[in-house]
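Reading through the C-alpha coordinates given below for one structure.
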Amino acid sequence: MYPEKQFISFYTILRKGIVRILRIWPQTLLPSVVTSVLYFAVFGTILGSRIGELDGVPYILFVVPGLVMLAVITNSYIDVATTFFVAKFFSRNIDEILVSPTPPSVIIAGFIASGIIRGMLIGVLVIIVSSFFALPSIAHPFVVLLFLFLSSLVFALAGLINGIYAKSFDGVSIVPTFVLTPLVYLGGVFYSIHSLPPLWQTASLFNPIFYLINGFCYGFLGRSDVSLLKQ
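The sequence shown lines up with residues 193 to 423 when you count with the numbering used here.
Next comes the structure, spelled out in C-alpha coordinates:
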(Lines of atoms letter the chains of each structure in order from A and count residues from 1; the text may use other names and numbers.)
(Lines give C-alpha, C1' and ligand atoms only; values in the text may rest on other atoms or scores of the structure.)
Protein backbone atom coordinates (compact mmCIF):
# COMPACT_ATOMS: atom_id res chain seq x y z
CA MET A 1 0.00 0.00 0.00
CA TYR A 2 1.46 3.34 -1.09
CA PRO A 3 2.27 5.90 1.63
CA GLU A 4 -0.34 8.36 0.34
CA LYS A 5 -2.99 5.63 0.53
CA GLN A 6 -1.90 4.80 4.06
CA PHE A 7 -2.24 8.45 5.01
CA ILE A 8 -5.79 8.53 3.58
CA SER A 9 -6.69 5.46 5.65
CA PHE A 10 -5.14 6.99 8.78
CA TYR A 11 -6.89 10.32 8.19
CA THR A 12 -10.25 8.61 7.64
CA ILE A 13 -10.04 6.65 10.91
CA LEU A 14 -8.83 9.72 12.81
CA ARG A 15 -11.46 12.01 11.29
CA LYS A 16 -14.21 9.57 12.26
CA GLY A 17 -12.93 9.57 15.84
CA ILE A 18 -12.70 13.37 16.06
CA VAL A 19 -16.16 13.86 14.52
CA ARG A 20 -17.55 11.43 17.11
CA ILE A 21 -15.90 13.36 19.96
CA LEU A 22 -17.27 16.70 18.78
CA ARG A 23 -20.71 15.38 17.78
CA ILE A 24 -21.47 13.89 21.19
CA TRP A 25 -19.53 16.48 23.21
CA PRO A 26 -22.06 16.35 26.11
CA GLN A 27 -20.82 12.77 26.65
CA THR A 28 -17.16 13.11 25.68
CA LEU A 29 -16.11 16.58 26.86
CA LEU A 30 -18.69 18.06 29.24
CA PRO A 31 -18.62 15.43 32.05
CA SER A 32 -14.91 15.94 32.75
CA VAL A 33 -15.33 19.72 32.79
CA VAL A 34 -18.26 19.54 35.21
CA THR A 35 -16.46 17.03 37.44
CA SER A 36 -13.37 19.24 37.50
CA VAL A 37 -15.45 22.26 38.51
CA LEU A 38 -16.83 20.28 41.45
CA TYR A 39 -13.35 19.10 42.47
CA PHE A 40 -11.92 22.60 42.33
CA ALA A 41 -14.91 24.02 44.22
CA VAL A 42 -14.91 21.42 46.99
CA PHE A 43 -11.28 20.37 47.38
CA GLY A 44 -9.67 23.55 46.13
CA THR A 45 -11.80 26.39 47.39
CA ILE A 46 -13.62 25.02 50.44
CA LEU A 47 -11.04 22.60 51.86
CA GLY A 48 -8.12 24.57 50.42
CA SER A 49 -9.08 27.63 52.44
CA ARG A 50 -8.77 25.53 55.62
CA ILE A 51 -5.62 23.65 54.64
CA GLY A 52 -3.78 26.73 53.38
CA GLU A 53 -0.53 25.59 51.80
CA LEU A 54 1.03 22.22 51.14
CA ASP A 55 4.79 22.08 50.63
CA GLY A 56 4.76 25.85 50.27
CA VAL A 57 2.15 25.82 47.50
CA PRO A 58 -1.47 27.05 47.88
CA TYR A 59 -3.56 23.91 48.12
CA ILE A 60 -5.83 24.76 45.19
CA LEU A 61 -2.76 25.08 42.95
CA PHE A 62 -1.34 21.86 44.38
CA VAL A 63 -4.33 19.79 43.20
CA VAL A 64 -4.48 21.23 39.67
CA PRO A 65 -1.86 18.91 38.06
CA GLY A 66 -3.39 15.77 39.57
CA LEU A 67 -6.94 16.67 38.52
CA VAL A 68 -5.75 17.45 34.99
CA MET A 69 -3.94 14.11 34.86
CA LEU A 70 -7.03 12.28 36.16
CA ALA A 71 -9.11 13.70 33.31
CA VAL A 72 -6.42 13.03 30.68
CA ILE A 73 -5.85 9.41 31.72
CA THR A 74 -9.50 8.39 31.95
CA ASN A 75 -10.57 10.15 28.74
CA SER A 76 -7.75 8.94 26.50
CA TYR A 77 -8.30 5.41 27.81
CA ILE A 78 -12.08 5.28 27.55
CA ASP A 79 -12.14 6.99 24.13
CA VAL A 80 -10.15 4.28 22.37
CA ALA A 81 -11.63 1.40 24.37
CA THR A 82 -15.20 2.48 23.65
CA THR A 83 -14.61 3.39 20.00
CA PHE A 84 -12.94 0.08 19.19
CA PHE A 85 -15.50 -1.93 21.16
CA VAL A 86 -18.42 -0.27 19.35
CA ALA A 87 -16.71 -0.78 15.98
CA LYS A 88 -16.19 -4.45 16.85
CA PHE A 89 -19.57 -5.43 18.31
CA PHE A 90 -22.18 -2.92 17.15
CA SER A 91 -21.39 -1.04 13.94
CA ARG A 92 -18.97 -3.84 12.92
CA ASN A 93 -17.13 -1.44 10.62
CA ILE A 94 -13.87 -2.81 12.00
CA ASP A 95 -14.43 -5.81 9.72
CA GLU A 96 -14.40 -3.54 6.68
CA ILE A 97 -11.17 -1.92 7.83
CA LEU A 98 -9.50 -5.27 8.50
CA VAL A 99 -10.33 -6.69 5.05
CA SER A 100 -8.95 -3.57 3.37
CA PRO A 101 -5.25 -3.36 2.45
CA THR A 102 -4.71 -0.94 5.36
CA PRO A 103 -1.68 -2.11 7.42
CA PRO A 104 -2.42 -2.94 11.08
CA SER A 105 0.01 -0.22 12.19
CA VAL A 106 -2.05 2.42 10.39
CA ILE A 107 -5.29 1.14 11.94
CA ILE A 108 -3.74 1.24 15.41
CA ALA A 109 -2.30 4.72 14.80
CA GLY A 110 -5.71 6.04 13.70
CA PHE A 111 -7.50 4.86 16.83
CA ILE A 112 -4.64 5.92 19.12
CA ALA A 113 -4.42 9.41 17.60
CA SER A 114 -8.10 9.97 18.34
CA GLY A 115 -7.56 9.03 21.99
CA ILE A 116 -4.51 11.30 22.24
CA ILE A 117 -6.45 14.25 20.84
CA ARG A 118 -9.36 13.72 23.23
CA GLY A 119 -7.03 13.31 26.20
CA MET A 120 -5.02 16.44 25.42
CA LEU A 121 -8.15 18.45 24.60
CA ILE A 122 -9.70 17.49 27.92
CA GLY A 123 -6.43 18.39 29.67
CA VAL A 124 -6.46 21.88 28.14
CA LEU A 125 -10.14 22.36 29.08
CA VAL A 126 -9.49 21.38 32.69
CA ILE A 127 -6.52 23.77 32.86
CA ILE A 128 -8.79 26.55 31.54
CA VAL A 129 -11.43 25.67 34.13
CA SER A 130 -8.82 25.76 36.91
CA SER A 131 -7.91 29.33 35.95
CA PHE A 132 -11.35 30.47 37.16
CA PHE A 133 -10.47 29.29 40.67
CA ALA A 134 -6.75 30.05 40.81
CA LEU A 135 -4.45 30.98 37.98
CA PRO A 136 -2.10 28.00 37.69
CA SER A 137 1.56 28.75 37.13
CA ILE A 138 3.43 26.67 34.55
CA ALA A 139 7.08 26.49 35.54
CA HIS A 140 8.15 24.21 32.67
CA PRO A 141 5.73 24.33 29.69
CA PHE A 142 7.70 21.75 27.69
CA VAL A 143 7.49 19.21 30.55
CA VAL A 144 3.74 19.83 30.83
CA LEU A 145 3.20 19.22 27.11
CA LEU A 146 5.48 16.17 27.15
CA PHE A 147 3.66 14.49 30.03
CA LEU A 148 0.30 15.50 28.58
CA PHE A 149 1.17 13.79 25.30
CA LEU A 150 2.90 10.73 26.75
CA SER A 151 0.11 10.08 29.26
CA SER A 152 -2.51 10.30 26.51
CA LEU A 153 -0.44 8.00 24.30
CA VAL A 154 0.17 5.33 26.95
CA PHE A 155 -3.44 5.13 28.10
CA ALA A 156 -4.84 5.32 24.58
CA LEU A 157 -2.75 2.22 23.84
CA ALA A 158 -4.05 0.58 27.02
CA GLY A 159 -7.60 1.46 25.98
CA LEU A 160 -7.05 -0.19 22.60
CA ILE A 161 -5.95 -3.41 24.30
CA ASN A 162 -9.04 -3.25 26.51
CA GLY A 163 -11.27 -2.63 23.49
CA ILE A 164 -9.82 -5.62 21.65
CA TYR A 165 -10.40 -8.09 24.49
CA ALA A 166 -13.58 -6.67 26.06
CA LYS A 167 -16.69 -8.82 25.64
CA SER A 168 -19.20 -6.28 27.00
CA PHE A 169 -19.49 -2.66 28.06
CA ASP A 170 -18.79 -3.80 31.61
CA GLY A 171 -15.44 -5.05 30.38
CA VAL A 172 -14.71 -1.59 29.00
CA SER A 173 -15.71 0.38 32.11
CA ILE A 174 -14.30 -1.91 34.79
CA VAL A 175 -10.65 -0.85 34.31
CA PRO A 176 -11.19 2.95 34.53
CA THR A 177 -13.55 2.51 37.49
CA PHE A 178 -11.70 -0.04 39.60
CA VAL A 179 -8.07 0.36 38.48
CA LEU A 180 -7.22 3.73 36.93
CA THR A 181 -9.25 6.04 39.17
CA PRO A 182 -8.02 4.49 42.48
CA LEU A 183 -4.41 4.55 41.25
CA VAL A 184 -4.75 8.22 40.32
CA TYR A 185 -6.27 9.13 43.70
CA LEU A 186 -3.50 7.21 45.45
CA GLY A 187 -0.86 8.80 43.25
CA GLY A 188 -0.58 12.07 45.17
CA VAL A 189 -3.39 14.14 43.67
CA PHE A 190 -4.58 15.55 47.00
CA TYR A 191 -1.46 15.08 49.12
CA SER A 192 2.31 14.82 49.05
CA ILE A 193 3.64 11.34 49.69
CA HIS A 194 6.06 12.90 52.18
CA SER A 195 3.08 13.38 54.49
CA LEU A 196 2.49 9.60 54.54
CA PRO A 197 4.04 7.07 56.96
CA PRO A 198 7.23 5.45 55.61
CA LEU A 199 5.43 2.21 54.69
CA TRP A 200 2.88 4.00 52.51
CA GLN A 201 5.54 6.22 50.99
CA THR A 202 7.31 3.09 49.80
CA ALA A 203 4.02 1.60 48.56
CA SER A 204 3.30 4.78 46.56
CA LEU A 205 6.57 4.32 44.67
CA PHE A 206 5.12 1.15 43.12
CA ASN A 207 2.18 3.08 41.67
CA PRO A 208 3.09 3.86 38.03
CA ILE A 209 0.58 6.71 37.80
CA PHE A 210 2.31 8.43 40.72
CA TYR A 211 5.26 9.19 38.43
CA LEU A 212 3.00 10.73 35.79
CA ILE A 213 1.38 13.00 38.36
CA ASN A 214 4.77 13.73 39.88
CA GLY A 215 6.19 14.79 36.51
CA PHE A 216 3.12 16.86 35.78
CA CYS A 217 3.46 18.60 39.16
CA TYR A 218 7.05 19.41 38.31
CA GLY A 219 5.97 20.96 35.01
CA PHE A 220 3.34 23.10 36.71
CA LEU A 221 4.82 23.94 40.09
CA GLY A 222 8.53 23.34 39.63
CA ARG A 223 8.48 20.87 42.55
CA SER A 224 8.08 17.12 42.77
CA ASP A 225 8.13 14.37 45.38
CA VAL A 226 10.63 12.36 43.35
CA SER A 227 13.35 13.78 41.12
CA LEU A 228 12.34 13.75 37.47
CA LEU A 229 15.72 12.30 36.53
CA LYS A 230 15.18 9.28 38.79
CA GLN A 231 11.81 8.33 37.28
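Note that CB positions come from ideal geometry on N, CA and C, so glycine has one too.
These numbers come from a predicted model, not from an experiment.
Do you know offhand how far Ala301's Cα is from Gly307's? In a straight line, the C-alpha of Ala301 is about 10 angstroms away from that of Gly307.
Nearest-angstrom Cβ-Cβ length linking Gly411 and Val321, presumed shorter than 8 angstroms: Gly411 to Val321, Cβ: 18 angstroms. No contact.
Inter-residue spacing [alpha-carbon to alpha-carbon] between Ser292 and Ser343: Taken atom to atom, the span from the alpha-carbon of Ser292 to that of Ser343 is near 31 angstroms.
I'd like the ranges of any alpha helix (DSSP H) spanning at least 4 consecutive residues and lying wholly in the stretch 365-390. Counting only runs of 4 or more, we get 373-377.
What are the start and end residues of each continuous alpha helix (DSSP H) run of 4 or more residues lying completely inside the stretch 199-243, in chain order? Here the runs fully enclosed are 217-220, 222-231 and 239-243.
Buried or exposed for Pro257, going by 16 or more other Cβ atoms inside 10 Å? Flag for Pro257 reads buried.
Measuring CA to CA, which of Pro368, Lys197, Ile210 and Leu327 is closest to Val249? Among Pro368, Lys197, Ile210 and Leu327, the Cα nearest to that of Val249 belongs to Leu327.
Confirm, please, whether the CB-CB distance from Asp417 to Ile385 is below 8 angstroms. Contact: yes.
Around the C-beta of Ser419, are 16 or more other C-beta atoms found within 10 angstroms, so that it is buried, or is it exposed? Per the 10 Å Cβ criterion, exposed.
From what residue to what residue does the alpha helix (DSSP H) around Gly407 run? In the DSSP assignment, Gly407 falls within the unbroken alpha helix (DSSP H) covering Pro400 to Leu413.
Reduced DSSP secondary structure (H/G/I, E/B, other) of Leu246: Residue state, collapsed to three classes: strand.
Just mark Val371 as buried or exposed, buried being the case when its beta carbon has 16 or more other beta carbons within 10 Å. When all chains shown are included, Val371 counts as exposed.
When you compare the CB positions of Ala348 and Ile304, do they come within less than 8 angstroms of one another, or not? If you check the CB distance, Ala348 and Ile304 come in under 8 angstroms.
For Ser224 and Gly414, the rounded distance between their alpha carbons: Spanning the two alpha carbons is a distance of roughly 26 angstroms.
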